[in-house]
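In the order they appear, the protein sequences are chains E and B.
Those letters in the first sequence? Residues 4 to 399, by the working numbering.
Those letters in the second sequence? Residues 4 to 399, by the working numbering.
Beneath this line is the structure, given in structure tokens, with notes to follow.
Protein chains: 2
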Amino acid sequence: MRRMTARPANAHQARLLQLLRDGGPNSRAQLGDQVDLSRSKLAVEVDRLLETGLVVADGLAASRGGRRSHNVRLNPELRFVGVDIGATSVDVAVTNAELEILGHINQPMDVREGPVAVFEQVLSMTAKLRASGLAEGFDGAGIGVPGPVRFPEGVPVAPPIMPGWDGFPVREALSQELGCPVMVDNDVNLMALGEQHAGVARTVHDFLVVKIGTGIGCGIVVGGDVYRGTTGSAGDIGHIQAVPDGRQCACGNRGCLEAHFSGAALARDAAEAAEQGRSAELANRLEANGGLSAADVAAAAAAGDATALDLIREGGRSTGQVIAGLVSFFNPGLVVIGGGVTGLGHNLLAAIRTQVYRQSLPLATGNLPIVLGELGPTAGVIGAARLISDHLFSPA
Amino acid sequence: MRRMTARPANAHQARLLQLLRDGGPNSRAQLGDQVDLSRSKLAVEVDRLLETGLVVADGLAASRGGRRSHNVRLNPELRFVGVDIGATSVDVAVTNAELEILGHINQPMDVREGPVAVFEQVLSMTAKLRASGLAEGFDGAGIGVPGPVRFPEGVPVAPPIMPGWDGFPVREALSQELGCPVMVDNDVNLMALGEQHAGVARTVHDFLVVKIGTGIGCGIVVGGDVYRGTTGSAGDIGHIQAVPDGRQCACGNRGCLEAHFSGAALARDAAEAAEQGRSAELANRLEANGGLSAADVAAAAAAGDATALDLIREGGRSTGQVIAGLVSFFNPGLVVIGGGVTGLGHNLLAAIRTQVYRQSLPLATGNLPIVLGELGPTAGVIGAARLISDHLFSPA
DNA sequence: CTTCTTTGTCCTGTGAGTGGAGAAAGTTGG
DNA sequence: CCAACTTTCTCCACTCACAGGACAAAGAAG
Numbered sequence: 004m005r006r007m008t009a010r011p012a013n014a015h016q017a018r019l020l021q022l023l024r025d026g027g028p029n030s031r032a033q034l035g036d037q038v039d040l041s042r043s044k045l046a047v048e049v050d051r052l053l054e055t056g057l058v059v060a061d062g063l064a065a066s067r068g069g070r071r072s073h074n075v076r077l078n079p080e081l082r083f084v085g086v087d088i089g090a091t092s093v094d095v096a097v098t099n100a101e102l103e104i105l106g107h108i109n110q111p112m113d114v115r116e117g118p119v120a121v122f123e124q125v126l127s128m129t130a131k132l133r134a135s136g137l138a139e140g141f142d143g144a145g146i147g148v149p150g151p152v153r154f155p156e157g158v159p160v161a162p163p164i165m166p167g168w169d170g171f172p173v174r175e176a177l178s179q180e181l182g183c184p185v186m187v188d189n190d191v192n193l194m195a196l197g198e199q200h201a202g203v204a205r206t207v208h209d210f211l212v213v214k215i216g217t218g219i220g221c222g223i224v225v226g227g228d229v230y231r232g233t234t235g236s237a238g239d240i241g242h243i244q245a246v247p248d249g250r251q252c253a254c255g256n257r258g259c260l261e262a263h264f265s266g267a268a269l270a271r272d273a274a275e276a277a278e279q280g281r282s283a284e285l286a287n288r289l290e291a292n293g294g295l296s297a298a299d300v301a302a303a304a305a306a307g308d309a310t311a312l313d314l315i316r317e318g319g320r321s322t323g324q325v326i327a328g329l330v331s332f333f334n335p336g337l338v339v340i341g342g343g344v345t346g347l348g349h350n351l352l353a354a355i356r357t358q359v360y361r362q363s364l365p366l367a368t369g370n371l372p373i374v375l376g377e378l379g380p381t382a383g384v385i386g387a388a389r390l391i392s393d394h395l396f397s398p399a
Numbered sequence: 004m005r006r007m008t009a010r011p012a013n014a015h016q017a018r019l020l021q022l023l024r025d026g027g028p029n030s031r032a033q034l035g036d037q038v039d040l041s042r043s044k045l046a047v048e049v050d051r052l053l054e055t056g057l058v059v060a061d062g063l064a065a066s067r068g069g070r071r072s073h074n075v076r077l078n079p080e081l082r083f084v085g086v087d088i089g090a091t092s093v094d095v096a097v098t099n100a101e102l103e104i105l106g107h108i109n110q111p112m113d114v115r116e117g118p119v120a121v122f123e124q125v126l127s128m129t130a131k132l133r134a135s136g137l138a139e140g141f142d143g144a145g146i147g148v149p150g151p152v153r154f155p156e157g158v159p160v161a162p163p164i165m166p167g168w169d170g171f172p173v174r175e176a177l178s179q180e181l182g183c184p185v186m187v188d189n190d191v192n193l194m195a196l197g198e199q200h201a202g203v204a205r206t207v208h209d210f211l212v213v214k215i216g217t218g219i220g221c222g223i224v225v226g227g228d229v230y231r232g233t234t235g236s237a238g239d240i241g242h243i244q245a246v247p248d249g250r251q252c253a254c255g256n257r258g259c260l261e262a263h264f265s266g267a268a269l270a271r272d273a274a275e276a277a278e279q280g281r282s283a284e285l286a287n288r289l290e291a292n293g294g295l296s297a298a299d300v301a302a303a304a305a306a307g308d309a310t311a312l313d314l315i316r317e318g319g320r321s322t323g324q325v326i327a328g329l330v331s332f333f334n335p336g337l338v339v340i341g342g343g344v345t346g347l348g349h350n351l352l353a354a355i356r357t358q359v360y361r362q363s364l365p366l367a368t369g370n371l372p373i374v375l376g377e378l379g380p381t382a383g384v385i386g387a388a389r390l391i392s393d394h395l396f397s398p399a
């Protein structure tokens with residue numbers, strides 16, 4: 004099948020495409036209710052979109068008390084790819100133009116193997132999804148990497164946990180291989196986009212997404228748009244000091260949040276507790292699996308292990324401490340907690356909430372929900388698809 | 004004289020007014036170079052602005068190698084008022100439409116006397132400026148208050164240091180009295196606007212302004228626009244924890260930045276040091292003035308007093324600690340330090356810089372200037388004038 | 001079957017804006 | 001002082017986006 008290469012010719016068309024993406028198939032009349040254009044003008048623009056092939060006719064709508072309206076929808080053959088490169092695994096998903104996930108695979112992998120190896124992995128995963136009949140080709144791809152990105156160029160910069168990736172032309176390379184436009188962003192920003200598109204943040208304009216995985220990062224959304232900062236490192240909260248004179252961190256300082264609470268830190272502390280005999284539960288799991296992860300701590304806590312619970316609470320306290328500062332500063336309308344460690348669930352959330360509500364001023368916390376992300380591991384890939392879709396569905 | 008009541012009729016006119024405000028008198032041809040409109044269209048819009056009286060002809064420009072162009076400028080009779088209500092004093096200034104200060108008065112006053120008393124004060128100050136022949140009336144006014152504001156309504160909300168101001172209809176009341184449009188904002192946001200308009204932040208789009216006065220606050224500018232947060236309390240960093248289990252703060256928590264470093268905290272610590280005999284210099288000043296202020300500490304430090312210097316350094320360290328977190332999170336292109344305490348000058352700045360550059364990651368600090376504000380006590384009133392000017396010089 | 005409502009199409013009018021032709025006003029070099 | 005070149009301003013014709021009305025098509029309700 005021939006890939007779609009058209010782009011909206013003007014702001015009206017872009018708006019219509021976005022409405023069809025976010026609202027699904029829609030009648031011409033209903034679109035008219037949403038766009039503030041005369042019927043004649045609307046008809047012209049819809050017809051032009053039909054000509055480009057981005058939009059297709061889709062039968063008749065139910066009557067609203069008079070003549071039935073013609074339905075239109077985004078071309079169901081359009082395919083986007085969302086890639087989410089984590090520190091320890093890669094997610095790849097294929098979506099339609101409405102950003103519904105048609106296929107999704109996850110594979111463990113260490114980013115530190117470098118861009119070339121990871122790239123091969125990603126390409127083999129996209130090939131697999133394509134081979135399964137979900138797509139004959141791709142119209143766009145979004146990709147998230149676990150570190151700061153020079154957004155306009157689509158290139159990672161100085162990523163501490165990704166040696167070898169600095170300056171690697173991710174956008175260029177992936178675009179070449181997949182034969183479609185590509186946008187690159189930080190993984191946390193994509194998670195924010197995902198939760199905004201299809202998750203808990205659908206109605207909020209200013210919010211924060213704190214992702215606690217192997218490391219810790221924060222996505223910032225201002226006025227509905229992701230804020231990336233001057234050099235693309237906004238939201239890099241893992242090295243904010245959470246505990247004065249606390250643990251030594253890889254960055255050279257002491258007491259960084261990431262050194263006290265993150266997937267890696269939690270696994271380390273749990274192993275320590277097991278070895279020191281402070282928790283039989285954790286020791287058993289250590290023996291059984293040959294290592295400990297955040298999931299083990301979650302399971303131990305669920306089984307009533309006090310030490311595991313303490314680890315979670317203490318981590319939540321540190322995290323809440325930092326988030327409290329961010330809430331005072333940023334005054335968001337919502338804080339979303341996500342990432343691998345959210346398996347710790349309500350215990351973690353409760354600890355964070357307690358700390359934030361206690362430390363920040365009432366005006367900032369009064370009406371502030373602090374919730375877990377709704378999309379789990381799909382937030383990143385949905386956000387990635389949304390990123391490229393926003394790009395393609397904007398005036399050329 | 005009749006006051007101007009016209010507003011720009013469209014975005015082009017608004018843009019032209021802003022160019023004339025920020026660039027001063029300008030030839031029609033030069034305007035044409037900046038706006039991307041055909042000469043014919045430009046002429047039409049300029050003529051319309053002349054008709055409204057917002058803009059007046061201003062003779063002929065120098066030749067650029069051919070026929071001389073006609074100059075235009077904003078009506079020199081337009082007058083804006085900028086009001087900056089601090090915790091302990093009030094500033095009022097009158098500007099022309101180019102936001103040049105024509106007259107400026109400052110009077111000590113305690114906000115805690117409540118809105119009615121302060122209002123009388125402000126009105127008597129505007130009356131005084133008017134009587135001095137600077138203005139026959141006002142075309143707009145901006146006013147800053149030392150606490151959070153519900154911006155759209157122009158009403159202070161739950162201001163901790165301003166009892167009695169909660170819900171007081173500042174905008175409404177001042178508009179009534181002055182007979183012109185009024186906009187209300189937080190004093191720190193106005194300081195940010197001031198430094199953006201005429202100070203150190205003219206070329207930066209994302210920056211922070213930390214105002215250290217009686218309290219501590221932070222102005223946040225994102226993409227050239229002031230960010231106010233969901234409930235108008237963004238930038239309220241005075242109660243971020245700077246010292247775990249530190250000093251008791253009025254807010255009920257411990258170790259808040261404001262409890263450790265601010266005009267009030269510094270005066271308190273200096274008096275303590277003087278009484279405990281730790282500094283002869285400060286004790287002398289205490290005796291001489293019957294009290295100590297930040298200025299005394301600055302003078303003592305300048306005179307070589309080690310205790311005073313320590314107080315400044317320690318305060319700068321706490322402040323830098325908090326700013327370091329904000330820098331990691333927000334990744335600004337510039338940090339401006341301002342407010343009354345900036346009299347402490349380079350000692351303070353050095354302490355802040357040391358702490359920030361040490362604690363934040365290189366990517367965020369690599370190219371980050373941390374500087375003192377350029378406008379001093381006029382930043383607030385210029386920002387206030389800029390606020391109302393932005394409002395009036397936008398499409399109606 | 002009649003009447004009302006909704007939807008879609010066609011057509012004309014309007015206002016924004018462009019771009020070119022000249023006229024007006026200057027500069028520069030002989 | 002004059003001729004040739006520049007810049008600026010004004011006027012006019014043309015294009016284009018868009019609104020809004022007239023009318024036809026399609027359906028609902030009584």
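Glycine included, every Cβ here is placed at the ideal spot set by N, Cα and C.
Three-state secondary structure (DSSP) of residue i
i: residue 379(B); result: helix
i: residue 234(B); result: coil
i: residue 257(E); result: strand
i: residue 203(B); result: coil
i: residue 196(B); result: helix
i: residue 296(E); result: coil
i: residue 61(E); result: strand
i: residue 225(B); result: strand
i: residue 78(E); result: coil
i: residue 26(B); result: helix
i: residue 189(B); result: strand
i: residue 87(E); result: strand
i: residue 391(B); result: helix
Alpha carbon of residue i to alpha carbon of residue j, nearest angstrom
i: residue 325(E); j: residue 204(B); result: 28 Å
i: residue 1(E); j: residue 202(E); result: Since the first and last residues shown for chain E are 4 and 399, residue 1(E) lies out of range.
i: residue 20(E); j: residue 198(E); result: 20 Å
i: residue 319(B); j: residue 352(B); result: 7 Å
i: residue 231(B); j: residue 238(B); result: 8 Å
i: residue 385(E); j: residue 300(E); result: 28 Å
i: residue 54(E); j: residue 14(E); result: 17 Å
i: residue 327(E); j: residue 165(B); result: 23 Å
i: residue 259(B); j: residue 196(E); result: 33 Å
i: residue 336(B); j: residue 334(E); result: 21 Å
Cβ-Cβ distance between residue i and residue j below 9 Å
i: residue 78(B); j: residue 64(B); result: no
i: residue 323(B); j: residue 354(B); result: yes
i: residue 187(E); j: residue 174(E); result: yes
i: residue 317(B); j: residue 242(B); result: no
i: residue 395(B); j: residue 247(B); result: no
i: residue 383(E); j: residue 193(E); result: yes
Closer than 8 Å: residue i CB and nearest the ligand NAP heavy atom
i: residue 300(E); result: The ligand NAP is not among the ligands present in this structure, which contains no ligands whatsoever.
Is the segment 373 to 380 of chain B in contact with the segment 337 to 354 of chain B, if contact means three or more CB pairs nearer than 8 Å? yes
Count the C-beta pairs between the segment 142 to 149 of chain B and the segment 80 to 87 of chain B that are closer than 8 Å, then say yes if the count reaches three, no if not. yes
When the Cβ atoms of the segment 274 to 289 of chain B are set against those of the segment 303 to 322 of chain B, are three or more pairs found closer than 8 Å? yes
Hey, is the segment 261 to 275 of chain E in contact with the segment 288 to 299 of chain E, meaning 3+ C-beta pairs nearer than 8 Å? yes
Which residue spans inside the segment 312 to 386 of chain E form an unbroken alpha helix (DSSP H) run of at least 4? 348 to 362 and 365 to 368
Write down every uninterrupted run of the beta strand (DSSP E) in the segment 93 to 166 of chain E whose length is 3 residues or greater and which is fully enclosed by it, in chain order. 104 to 111 and 143 to 148
Given 8 Å as the limit, is there contact between the segment 100 to 110 of chain E and the segment 34 to 50 of chain E, that is, 3 or more CB pairs closer than that? no
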